[in-house]
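Notes for the one structure printed next.
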Amino acid sequence: MDTPVLEMRQVAKRFGAFQALANVDLKVGRGERVIVCGPSGSGKSTLIRCIVGLEQHEHGTILFDGAPIDLRSRTSPIRSGQIGMVFQQFNLFPHLTVLQNCTIAPIKVRGSTRAEAERKARDLLARVGIEDQADKFPGQLSGGQQQRVAIARALCMQPRALLFDEPTSALDPEMVQEVLNVMVSLARDGMTMICVTHEMGFAREVADRIVFMDRGEIVEVAPPAAFFAAPKNERTRAFLSRIL
Amino acid sequence: MRALNFGDVVFLAKGALWTLALFFVSLVGGSVIGIALALMRTSPWRPLRWFALGYFRLIQGTPVLMQIFLIYFGTALLGFEFGALLSAGLALSINAGAFLGEIWASSIDSVGKGQSEAARVLGLRYGTTMWHIVIPQAMRVATPPTVGFLVQLVKGTAMASFVGFVELTRASQMINNATFQPFVIFGGVSLLYFAICWPLSLLSSRLEARLAKAYTR
């Protein structure tokens, strides 16, 4: 295996007395799709938030392309937008149009010209199926459309890896599929992805590996077929019996 | 005792201009101090947050008149002749900074944390995030209380009369001492203050409408 795009070594994080992550080891290779699942409070979101530096882990190392991530460095992959993230609550900028949401980072961080950034943004908005909404404000779109804008916004930075934190959990049920379809197509195109989700159908369809977490630990890692058919760990079995 | 004459009206008008001048000095000074304090109060660095909070509590918890006295007489004692306009302007700026700073800090706080997190993950720097993402959204929340405070500030400039600065209030007292026409003079002066404050409120509604337009369908 080549150098993993992302690697976590013995990463630990606590919030007060609560152990959110306990000695997590994880490698994600180029083009790999990793689905993270587990009960609420199991540390799934914290895992992703530590990778992008929204939470500071206390122990361990997180490496990007084999080099430890230094958040203080201007060239760190996060501060230069090389690791994209899609949030549960979309977190679009409500005072900017869809197009401006997608162009602000390429212009400000990458130094793209406006024309170039807009052309690229329109391409990517077309790819997620909402090119005709480019000049609207996020508040004028449905939840599913907003989340697709958020994906396009992340893609505009041409990230090397894209992380999803429960991207469909805040959506009305009828809008979940349109977002999952976009994610499936990204997976098909070879995007490196780590996705926290409860959508087990999606996991089965796209995952190379499924990571099951509980109480801050990675309990089990397996390809989807093995994960669903023959989970090894008792906690995994208990979790699957509750959600399937 | 003498009758009111045209000279008195001119004198009052000049007083009103000095009131306006003092207001603008305090507005500019207070805004600069307020922005700095709001950014400190919302910064990730704890000592800065505490400093800003201490400033808010101390300045808001002491009378503006004492602040004017302290600066006017205090600086004179130390050998600086600031004069009434500068002393009052400085004191009102320091005072306005405490109120505007707290209003703006809480407006910045009202913009969800998700906004700066999204900006950070996109690689935007602190300054860009503040200027392009957080502050434009905070302004919408900040406009009504800011204008409310500025109206107080206009009226607060009357405090400068205590150190002998002849602004609108002081001018009206002087004329009343000579003519003793309190209803005409103080009624008219109240209207003059109103004429300064009313446009501020109008501006606020305009601004709110404009800022709100961007969000709604």
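Chains as they are written, first to last, in the numbering used here: chain A, 464 to 707; chain B, 1001 to 1217. Quick reminder that beta carbons are idealized off the backbone N, C-alpha and C, glycines included. Here the structure is a predicted model, which means the values were calculated and not measured.
Practice task
At 9 Å on the CB atoms, spell out the chain B contacts of A:Gly-544, in chain order.
Solution key: Here the neighbours are Val-1121, Leu-1122, Gly-1123, Leu-1124.
Problem - Cβ shell of A:His-522 (< 6 Å), same chain only, five flanking positions each side left out - result: Taking A:His-522 as the centre and dropping the five residues before and after it, the same chain places the C-beta of Ala-475 closer than 6 Å to its C-beta, in chain order.
Handout entry: Residue of A:Glu-470, A:Val-645, A:Phe-600 minimising C-alpha distance to A:Asp-528
Key = Out of A:Glu-470, A:Val-645, A:Phe-600, A:Glu-470 has the C-alpha closest to the C-alpha of A:Asp-528.
Exercise for the section: Determine the closest residue to A:Gln-603 out of A:Ile-546, A:Phe-553, A:Asn-486, A:Thr-560, with distance taken between C-alpha atoms. Expected result: Relative to the Cα of A:Gln-603, the nearest Cα in the group A:Ile-546, A:Phe-553, A:Asn-486, A:Thr-560 belongs to A:Thr-560.
Practice task
Answer with yes or no whether the minimum CB distance from A:Met-475 to chain B is below 8 Å.
Solution key: It should be pointed out that residue 475 of chain A corresponds to Ala in this sequence rather than to Met. No, A:Ala-475 lies away from the interface with chain B (no Cβ there is under 8 Å from its Cβ).
Problem - DSSP state of A:Lys-695 mapped onto helix, strand, coil - result: DSSP places A:Lys-695 in coil when its eight states are reduced to three.
Handout entry: Extent of the continuous alpha helix (DSSP H) to which A:Lys-507 belongs
Key = Unbroken alpha helix (DSSP H) run through A:Lys-507: 507–514.
Exercise for the section: Spell out whether any CB of chain B is found under 8 Å from the CB atom of A:Ala-568. Expected result: Closer than 8 Å to some Cβ of chain B, the Cβ of A:Ala-568 qualifies, so yes.
Practice task
Would you mind working out which of A:Leu-618, A:Glu-680, A:Val-682 sits nearest A:Asp-652, comparing C-alpha positions?
Solution key: Of the candidates A:Leu-618, A:Glu-680, A:Val-682, the one whose C-alpha sits nearest the C-alpha of A:Asp-652 is A:Leu-618.
Handout entry: Exposure label - A:Asp-595; buried when at least 16 CB within 10 Å
Key = Label assigned to A:Asp-595: exposed.
Problem - Proximity to B:Ile-1071 [Cα-Cα], best of B:Phe-1051, B:Leu-1092, B:Gly-1188 - result: Nearest option by C-alpha distance: B:Leu-1092.
Exercise for the section: Measure from the C-beta of B:Ile-1108 to each C-beta in chain A and report whether the shortest distance is under 8 Å. Expected result: Output row for B:Ile-1108: interface = no.
Practice task
Check the Cβ-Cβ distances between A:Gln-552 and every residue of chain B, and say whether any is below 8 Å.
Solution key: Cβ-Cβ to chain B under 8 Å: yes for A:Gln-552.
Handout entry: 7 Å Cβ cut-off: residues of chain A touching B:Pro-1047
Key = Listed along chain A, no residue sits closer than 7 Å to B:Pro-1047 by beta-carbon distance, the nearest being about 19 Å off.
Exercise for the section: Can you give me the Cβ contacts of B:Arg-1217 inside the same chain, cut-off strictly under 6 Å, excluding the 5 residues immediately before and after it? Expected result: Note that B:Arg-1217 scores 43 on pLDDT, short of 50, meaning its location in the model is unreliable; the coordinates nonetheless yield the value given after this. Contacts found: none.
Handout entry: Check whether B:Leu-1168 and B:Ala-1016 have beta carbons under 8 Å apart
Key = In this structure, B:Leu-1168 sits near B:Ala-1016, with a CB-CB distance shorter than 8 Å.
Practice task
Report the rounded CA-to-CA distance for B:Trp-1045 versus B:Ala-1052, giving the unit in angstroms.
Solution key: Distance between the alpha carbons of B:Trp-1045 and B:Ala-1052 is about 11 Å.
Practice task
Could you tell me whether the region 1055–1072 of chain B touches the region 1188–1195 of chain B, using the rule of 3 or more Cβ pairs below 8 Å?
Solution key: Fewer than three Cβ pairs drawn from the region 1055–1072 of chain B and the region 1188–1195 of chain B lie within less than 8 Å of each other, which leaves the two stretches out of contact.
Problem - Segment contact flag, the region 1026–1044 of chain B with the region 1081–1098 of chain B, C-beta cutoff 8 Å, min 3 pairs - result: Counting Cβ pairs under 8 Å, three or more are found: they touch.
Problem - Residues near B:Thr-1042 by beta carbon distance below 8 Å, same chain, minus five either side - result: The beta carbon of B:Thr-1042 lies closer than 8 Å to those of Arg-1049, Ala-1105, Ile-1108, Asp-1109 in the same chain, with the five residues before and after it left out.
Exercise for the section: Tell me B:Arg-1057's beta-bridge partners as DSSP assigns them. Expected result: Per DSSP, none; premise fails for B:Arg-1057.
Practice task
Classify B:Leu-1079 as buried or exposed, calling it buried when 16 or more other Cβ atoms lie within 10 Å of its own Cβ.
Solution key: Rather than Leu, the amino acid found at residue 1079 of chain B in this sequence is Gly. Label assigned to B:Gly-1079: exposed.
Exercise for the section: Tell me whether the beta-carbon of A:Asn-554 lies closer than 8 Å to the beta-carbon of B:Gln-1115. Expected result: In contact: A:Asn-554 and B:Gln-1115 (Cβ atoms closer than 8 Å).
Problem - Spatial neighbours of A:Ile-614 in its chain, beta-carbon cut-off 7 Å, leaving aside the 5 residues before and after - result: For A:Ile-614, same chain residues with a beta-carbon under 7 Å away, outside a window of 5 residues either side, are Val-549, Val-591, Val-645 in chain order.
Practice task
Could you name the residues of chain A that B:Pro-1136 contacts, counting a contact when the two beta carbons are closer than 7 Å?
Solution key: Going along chain A in sequence order, the residues near B:Pro-1136 (Cβ under 7 Å) are His-558.
Handout entry: Whole-angstrom distance between B:Pro-1063 and B:Thr-1075, CA atom to CA atom
Key = Distance between the alpha carbons of B:Thr-1075 and B:Pro-1063 is about 18 Å.
Handout entry: Listed by chain order, chain A residues near B:Thr-1019 by CB distance under 8 Å
Key = Those within 8 Å of B:Thr-1019 in chain A number zero; the least Cβ separation is about 36 Å.
Handout entry: Cα-Cα separation, B:Arg-1210 to B:Thr-1143
Key = Near 11 Å, if we compare the C-alpha coordinates of B:Thr-1143 and B:Arg-1210.
Problem - Helix, strand or coil at A:Pro-622 according to DSSP, with G and I counted as helix - result: In this structure, A:Pro-622 counts as coil in the three-state DSSP scheme.
Handout entry: Burial state of B:Gly-1007 (16 or more Cβ within 10 Å)
Key = Exposed, since its Cβ has fewer than 16 Cβ neighbours within 10 Å.
Problem - A:Val-639 versus A:Arg-611 - alpha carbon distance - result: Rounded to whole angstroms, A:Val-639 and A:Arg-611 show a C-alpha spacing of 11 Å.
Exercise for the section: Using a Cβ cut-off of 8 Å (strictly closer), state whether B:Glu-1208 contacts chain A. Expected result: Judged by the 8 Å Cβ criterion, B:Glu-1208 is not in contact with chain A.
Handout entry: 8 Å Cβ cutoff met for A:Ala-685 and A:Arg-672
Key = Yes, the pair counts as a contact, with Cβ atoms nearer than the cut-off.
Exercise for the section: Would you mind telling me which residues of chain A sit closer than 7 Å to B:Ile-1059, beta carbon to beta carbon, in chain order? Expected result: Neighbourhood of B:Ile-1059 in chain A, by CB distance below 7 Å: empty, with the nearest CB roughly 32 Å away.
Problem - Own chain residues within Cβ distance below 7 Å of A:Thr-524, not counting five before or after - result: Apart from the 5 residues on each side of it in sequence, A:Thr-524 sits with its Cβ closer than 7 Å to the Cβ of Arg-472, Pro-531 in its chain, given in chain order.
Exercise for the section: Please compile the residues from chain B whose C-beta is within a distance smaller than 8 Å of the C-beta of A:Leu-517. Expected result: Listed along chain B, the residues sitting closer than 8 Å to A:Leu-517 by beta-carbon distance are Glu-1117, Arg-1120, Val-1121.
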